[in-house]
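One structure is given here, and the rest of the page talks about it.
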Amino acid sequence: MKTWLSLLLTFVCAGSLFAQEAKEEKFAVEEFGKLPILNGGRRQPIDSLARNTLLQLRGKQTANYEPWKDWYAKPKIVSATEWFMEVLMNPAVGDTRPVFRIDHPDLKALLALPMEKGFETDGKHFSWNQLQPKADTLLKETMRVFNEVPSDKRNQFDKAVINLWRATFIYQQLKTSLQPPDARDWQAELQAFMDNREAGREAAKAKQAGTPFNEAALNLIMDDASRFLSMERYDEFEFARKMELRVPLFIPPATGNIDNDWQRTGQALMEAVQGGTPNPALAHYAVIGSAFRANDAPGFNNAVAAYRASLAGRLDANLGEASKEVLFNKLQLFYTAMMISICAFLCAIVYWFRPVDWEILRKIAACTLLAAVLVTATGVIFRMILIGRPPVINLYSSATFIALGAPVLGLILEAFWRNSIGIVVGSVISALCLIVAHYLSLEKDTLEMLRAVLDTNFWLATHVVIVTLGYASTFVAGFLGIIFVVRGFFTQAITPELKRSLARMVYGIICFATLFSFVGTVLGGIWADQSWGRFWGWDPKENGAIIIVLWNALVLHARWGGIVRERGLLNLAIVGNIVTSWSWFGTNMLGIGLHSYGFMDAAFYALLAFDVTMVALIIIGALPLHLWRSPLEGRASKSSKSAPTGAEPQPA
Amino acid sequence: MNRSIWKFFTSLRLTIVLLGAAIILVFVGTVAQADEGLYQVQDRYFTHWYVLGTTLWGVKMPWFIWPGGRLVGSLLLVNLLAAHIKRFQWSTSKLGIHLTHLGIIILLAGQLASDLVKKESHMTLNEGQTGDYIERARSPELAFISDKSGQEEQVVAVPPELIAKGGTITDPNLPFTVRVKEYAGNGEVVSHQKALEAAVRLTTALATVDGEFSTPAGLVPQAERAEETPGRLNVWRAALEAIGEKEVQDVTATVKKVAAQPERASKLQTELKTRFREQMINGFTAQGGEMRLAAEKIAAGESITAESLPAASSQGAGAHATLLPLPEVKDMDTRSFPYAVLELEAGGKSLGTWLVSTMLREQPVQVGDKTVRVALREERQYLPYTIKLLHATHKVYPGSDTPKDFRSRVLIDNPVSKENRETEISMNDPLRYSGLAFYQYQMTKDEADRAPGQSVLQVVRNPSWLMPYIGCITVAAGMLWQFLHHLVGFINKRRPA
Numbered sequence: 001m002k003t004w005l006s007l008l009l010t011f012v013c014a015g016s017l018f019a020q021e022a023k024e025e026k027f028a029v030e031e032f033g034k035l036p037i038l039n040g041g042r043r044q045p046i047d048s049l050a051r052n053t054l055l056q057l058r059g060k061q062t063a064n065y066e067p068w069k070d071w072y073a074k075p076k077i078v079s080a081t082e083w084f085m086e087v088l089m090n091p092a093v094g095d096t097r098p099v100f101r102i103d104h105p106d107l108k109a110l111l112a113l114p115m116e117k118g119f120e121t122d123g124k125h126f127s128w129n130q131l132q133p134k135a136d137t138l139l140k141e142t143m144r145v146f147n148e149v150p151s152d153k154r155n156q157f158d159k160a161v162i163n164l165w166r167a168t169f170i171y172q173q174l175k176t177s178l179q180p181p182d183a184r185d186w187q188a189e190l191q192a193f194m195d196n197r198e199a200g201r202e203a204a205k206a207k208q209a210g211t212p213f214n215e216a217a218l219n220l221i222m223d224d225a226s227r228f229l230s231m232e233r234y235d236e237f238e239f240a241r242k243m244e245l246r247v248p249l250f251i252p253p254a255t256g257n258i259d260n261d262w263q264r265t266g267q268a269l270m271e272a273v274q275g276g277t278p279n280p281a282l283a284h285y286a287v288i289g290s291a292f293r294a295n296d297a298p299g300f301n302n303a304v305a306a307y308r309a310s311l312a313g314r315l316d317a318n319l320g321e322a323s324k325e326v327l328f329n330k331l332q333l334f335y336t337a338m339m340i341s342i343c344a345f346l347c348a349i350v351y352w353f354r355p356v357d358w359e360i361l362r363k364i365a366a367c368t369l370l371a372a373v374l375v376t377a378t379g380v381i382f383r384m385i386l387i388g389r390p391p392v393i394n395l396y397s398s399a400t401f402i403a404l405g406a407p408v409l410g411l412i413l414e415a416f417w418r419n420s421i422g423i424v425v426g427s428v429i430s431a432l433c434l435i436v437a438h439y440l441s442l443e444k445d446t447l448e449m450l451r452a453v454l455d456t457n458f459w460l461a462t463h464v465v466i467v468t469l470g471y472a473s474t475f476v477a478g479f480l481g482i483i484f485v486v487r488g489f490f491t492q493a494i495t496p497e498l499k500r501s502l503a504r505m506v507y508g509i510i511c512f513a514t515l516f517s518f519v520g521t522v523l524g525g526i527w528a529d530q531s532w533g534r535f536w537g538w539d540p541k542e543n544g545a546i547i548i549v550l551w552n553a554l555v556l557h558a559r560w561g562g563i564v565r566e567r568g569l570l571n572l573a574i575v576g577n578i579v580t581s582w583s584w585f586g587t588n589m590l591g592i593g594l595h596s597y598g599f600m601d602a603a604f605y606a607l608l609a610f611d612v613t614m615v616a617l618i619i620i621g622a623l624p625l626h627l628w629r630s631p632l633e634g635r636a637s638k639s640s641k642s643a644p645t646g647a648e649p650q651p652a
Numbered sequence: 001m002n003r004s005i006w007k008f009f010t011s012l013r014l015t016i017v018l019l020g021a022a023i024i025l026v027f028v029g030t031v032a033q034a035d036e037g038l039y040q041v042q043d044r045y046f047t048h049w050y051v052l053g054t055t056l057w058g059v060k061m062p063w064f065i066w067p068g069g070r071l072v073g074s075l076l077l078v079n080l081l082a083a084h085i086k087r088f089q090w091s092t093s094k095l096g097i098h099l100t101h102l103g104i105i106i107l108l109a110g111q112l113a114s115d116l117v118k119k120e121s122h123m124t125l126n127e128g129q130t131g132d133y134i135e136r137a138r139s140p141e142l143a144f145i146s147d148k149s150g151q152e153e154q155v156v157a158v159p160p161e162l163i164a165k166g167g168t169i170t171d172p173n174l175p176f177t178v179r180v181k182e183y184a185g186n187g188e189v190v191s192h193q194k195a196l197e198a199a200v201r202l203t204t205a206l207a208t209v210d211g212e213f214s215t216p217a218g219l220v221p222q223a224e225r226a227e228e229t230p231g232r233l234n235v236w237r238a239a240l241e242a243i244g245e246k247e248v249q250d251v252t253a254t255v256k257k258v259a260a261q262p263e264r265a266s267k268l269q270t271e272l273k274t275r276f277r278e279q280m281i282n283g284f285t286a287q288g289g290e291m292r293l294a295a296e297k298i299a300a301g302e303s304i305t306a307e308s309l310p311a312a313s314s315q316g317a318g319a320h321a322t323l324l325p326l327p328e329v330k331d332m333d334t335r336s337f338p339y340a341v342l343e344l345e346a347g348g349k350s351l352g353t354w355l356v357s358t359m360l361r362e363q364p365v366q367v368g369d370k371t372v373r374v375a376l377r378e379e380r381q382y383l384p385y386t387i388k389l390l391h392a393t394h395k396v397y398p399g400s401d402t403p404k405d406f407r408s409r410v411l412i413d414n415p416v417s418k419e420n421r422e423t424e425i426s427m428n429d430p431l432r433y434s435g436l437a438f439y440q441y442q443m444t445k446d447e448a449d450r451a452p453g454q455s456v457l458q459v460v461r462n463p464s465w466l467m468p469y470i471g472c473i474t475v476a477a478g479m480l481w482q483f484l485h486h487l488v489g490f491i492n493k494r495r496p497a
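So the protein sequences, as listed, match chains A and B. According to my numbering, the first sequence holds residues 1 to 652 in order. According to my numbering, the second sequence holds residues 1 to 497 in order.
Rendered as structure tokens:
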């Protein structure tokens with residue numbers, strides 16, 4: 001319920017964001033968002049960094065400056081980039097924005113924050129200015145948790161502490177990533193530094209040589225250098241590096257277009273101090289920053305355009321990719337697809353109330369689901385273009401890929417059976433997986449770069465894609481089983497014919513799933529043999545995959561041996577849901593370590609709840625038939641076949 | 001009788017039971033990895049005949065008894081073969097099923113074979129270094145090395161099984177006989193010098209504690225200072241409770257009260273002293289090594305001098321070191337350091353004892369005019385060719401610590417085949433040469449920082465490496481055949497007659 005509500009809210013927020021952006025004509029926010037940077041080793045637009053940061057801080061892609069207002073009171077909600085501009089270029093104002101979400105009551109108490117909704121606070125979102133007085137307390141607690149509590153022993157409070165510290169540290173890093181955080185008029189300050197640079201360096205050399213030197217020039221450059229060094233310190237903080245928190249690279253190479261030559265602003269400034277030619281991008285960003293701070297929109301817009309022009313030609317590839325990614329961010333394809341899937345699901349369910357009269361509803365549902373598939377496919381392909389890789393590279397993309405595969409299978413089933421079961425199954429799995437994907441996207445940049453060992457498109461394209469298809473098809477079989485149990489036990493909808501055809505569907509799909517999960521698993525083994533020299537290493541992810549294969553094989557053999565019949569097969573298919581969800585997610589939760597934050601814990605309980613539900617359904621499915629509302633016992637009379645129940649495949 | 005056994009082994013029910021057993025085994029073996037580590041789980045669950053006891057989610061389950069991977073796998077293999085012998089019939093509709101099962105037989109047999117014949121070792125090279133041997137981790141050998149004419153060395157190596165057996169080892173190439181007095185899987189060698197240094201540090205620290213709580217006037221300000229560190233504050237509270245104070249939440253206030261009564265104040269000081277001393281000693285003990293040695297001695301009230309520390313052996317490095325036996329570690333990240341104590345005898349009389357450990361370097365033993373170097377090291381296998389590391393590349397993505405690329409450019413020099421060629425080994429792209437496969441190992445960030453320019457190659461000898469490939473293709477072909485066969489049948493059936 002809460003999930004739905006929050007998703008609905010996101011939708012509202014996203015909607016109002018578009019409305020807001022249309023009005024906002026002063027600063028070219030979008031143009032600024034399209035500027036290319038390098039973060040986490042990946043070329044990306046500022047917009048992506050802004051969105052991902054907000055996701056980590058408050059779980060949304062927009063910033064709400066007045067969270068204490070209800071939605072109808074029209075709180076001020078701004079786009080991620082707009083908020084980000086303040087953080088980068090006017091942090092004094094940025095520090096007043098309530099963008100840190102804190103839920104744990106003990107953590108709020110520790111930091112002496114308001115616990116409840118009150119004057120200009122909603123008791124959940126806080127600004128850096130509110131956190132800052134207790135920053136030392138937070139750091140001390142974080143150190144305690146990090147050094148004293150092993151990662152698998154941390155409780156909710158410990159995790160909340162680490163999460164918040166991480167968020168605040170990221171925020172501090174960003175404040176120093178484009179200009180010194182204490183800058184007032186960065187353009188003038190940078191100019192002053194540049195003007196004094198030669199004299200200052202001369203003075204320093206003279207002092208070392210013991211000859212007379214210009215003390216004022218030396219003091220100036222020493223002040224600047226210490227300021228720039230303090231920016232660099234945010235990249236070197238050892239504790240943060242353990243969490244892989246690094247300052248993003250904003251400054252493009254002065255010549256050439258090699259990714260390795262990108263620099264942090266602090267790094268580029270230090271190079272200038274040490275006598276290197278100052279990178280021209282520094283001056284551009286300084287003009288942009290000062291114009292923004294002076295609230296000079298035309299000046300800002302011109303400066304952004306000038307900077308873009310200076311990059312054109314040499315860094316066209318970066319600019320193009322960044323613009324594409326901004327478009328991708330804005331389209332929110334997976335989100336849209338989720339909404340469409342939910343509509344398809346509702347239509348298909350309603351159809352079941354009067355299957356004969358409301359045939360049109362089924363057709364609408366089928367078309368809607370097809371639309372969802374197309375939108376998801378566009379999203380998957382768009383992502384592939386952006387990263388130049390096969391569709392599945394991480395857990396997030398496996399969720400979106402299952403959200404694509406399952407409804408396709410559902411539609412194929414629908415084409416044969418025309419009873420809206422395929423639509424329901426396809427749309428439910430698609431919507432659920434896209435919700436999972438949404439929560440996974442809160443964790444980190446979902447377009448992340450791949451570690452060396454995964455960096456091979458061939459195996460990603462074969463092994464990973466095929467295994468994921470195996471997951472998708474096992475889920476489809478499992479959800480068919482759920483439909484059988486729920487409709488059979490609680491309604492009178494399932495006739496013996498329908499039961500038989502459901503069993504046929506499930507049987508076919510399990511065959512399909514066996515093929516995919518087997519081939520995928522073995523390909524994974526071959527990949528492992530290619531990169532580590534062992535075909536099989538019994539590591540959790542491999543074991544998860546083999547369990548799906550073994551399970552599917554078990555079901556098929558039980559069916560062939562006549563040990564289970566149709567109802568048994570359908571019930572076993574539901575067990576397949578447990579097996580698959582564990583292989584897909586559970587194996588990632590075994591060694592919960594340094595890199596798992598918030599979501600994986602929540603996911604653990606979600607997984608548990610899912611599995612418990614499945615067990616309950618299996619128990620219901622195994623109850624004696626006389627308790628069922630559907631007349632499954634005995635053979636139904638031939639006459640019942642006259643009504644199109646959708647039990648048999650309809651001639652095409 | 002025979003008939004019922006045959007029936008049992010060919011039955012489909014057995015297949016299902018075995019598949020179910022395999023699922024449970026794999027599941028338990030996966031969850032248990034969190035507690036036992038990957039290697040131990042492999043040994044105890046998957047490459048073993050049965051499983052006795054397990055630990056899931058931190059809960060010990062000694063009653064868990066289950067067939068192990070070997071048993072399930074072999075039974076499945078027998079079941080598969082028997083069922084096929086019994087039911088085999090040649091028809092296109094069954095061809096897919098036969099192929100699938102044949103492929104699975106190949107896979108199972110391949111896994112069993114590689115379990116038995118596969119050998120994993122590694123080769124660690126620095127840039128410019130030439131290697132002519134590979135080493136097996138977790139398998140120490142006792143090596144006696146003597147120089148021969150020119151560049152050559154003569155090596156007498158004793159495999160781990162022989163060391164473990166103990167007893168006397170003789171070899172015509174050795175000028176002495178070797179008696180293994182002691183051999184164990186893990187122990188730390190602590191040099192006496194370091195232990196003495198640690199003892200000085202601990203004694204100083206303890207003296208500071210004693211000094212801190214010697215004047216009653218200091219109590220209140222000390223308590224105020226302690227308020228700033230929660231760890232210290234807890235010790236104060238415990239000490240206050242020990243002298244009978246009930247209200248210990250506000251430490252400073254309570255201490256003020258106590259300080260007013262001289263007798264209780266001195267009692268409190270004694271309590272604090274004991275507690276902080278204990279804390280200090282525990283802290284040293286927890287750090288292990290020389291710190292632990294020093295802490296244990298001091299806690300026992302013994303004085304530490306070079307003479308009072310027990311020597312691990314009478315000769316060599318062990319004469320100035322103490323051995324601290326440790327339990328063997330099983331997880332992947334930490335190493336065990338096996339050690340042995342040897343007594344060498346020549347001409348019927350003892351030359352003394354030597355301590356060898358994988359922590360120690362080679363030690364010279366002088367017998368007459370001959371010098372033999374002795375060491376316990378990872379088991380080596382010498383290659384008939386050499387591999388030289390020309391260049392090691394470790395790249396991370398710019399502005400991040402994510403590893404991007406690990407590769408080694410090497411020169412193979414084989415005097416037999418007169419080969420002298422350069423080649424490249426990278427992740428996902430191993431070098432297969434002379435029945436061995438050399439894989440690039442992805443170092444962790446710490447490892448790469450610690451040893452720049454170093455490259456670790458994992459070396460695997462697995463003659464059965466092709467079997468999974470063949471098995472996989474066979475199964476896929478079989479399944480595809482069966483799938484298409486059904487699909488065609490289904491479509492034909494749907495076509496209106």
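Each residue gets a CB set at the ideal place from its N, CA and C atoms; glycine is no exception.
Pop quiz: residue i and residue j are said to be a contact at Cβ under 8 Å. What is the actual Cβ separation, rounded to whole angstroms?
i	j	result
residue 289 of chain B	residue 200 of chain B	Not confirmed; about 15 Å, so no contact.
Does any CB atom of chain B fall closer than 8 Å to the CB of residue i?
i	result
residue 19 of chain A	In this prediction, residue 19 of chain A has a pLDDT of 49, which is less than 50 and means its spatial position is unreliable; what the coordinates show is noted afterwards. With 8 Å as the cut-off, residue 19 of chain A does not count as an interface residue toward chain B.
residue 530 of chain A	yes
residue 573 of chain A	no
Grab the span of the alpha helix (DSSP H) containing residue i for me, first residue to last.
i	result
residue 239 of chain A	238-242
residue 47 of chain A	46-58
residue 352 of chain A	333-353
residue 99 of chain A	Counting along the chain, residue 99 of chain A falls outside any alpha helix (DSSP H), and DSSP gives it neither H nor E.
Quick check: is the beta carbon of residue i nearer than 8 Å to any beta carbon in chain A?
i	result
residue 13 of chain B	yes
residue 8 of chain B	no
residue 38 of chain B	yes
residue 51 of chain B	no
residue 16 of chain B	yes
residue 397 of chain B	yes
residue 527 of chain B	Within the shown structure, residues of chain B are numbered from 1 to 497, placing residue 527 of chain B beyond reach of any answer.
Residue i lies in the beta strand (DSSP E); which residues open and close that run?
i	result
residue 354 of chain B	349-357
residue 307 of chain A	From DSSP, residue 307 of chain A is part of no beta strand (DSSP E) but of the alpha helix (DSSP H) over 297-311.
residue 62 of chain B	59-67
residue 183 of chain B	177-184
When DSSP builds the beta bridges, which residues end up paired with residue i?
i	result
residue 440 of chain B	B:457
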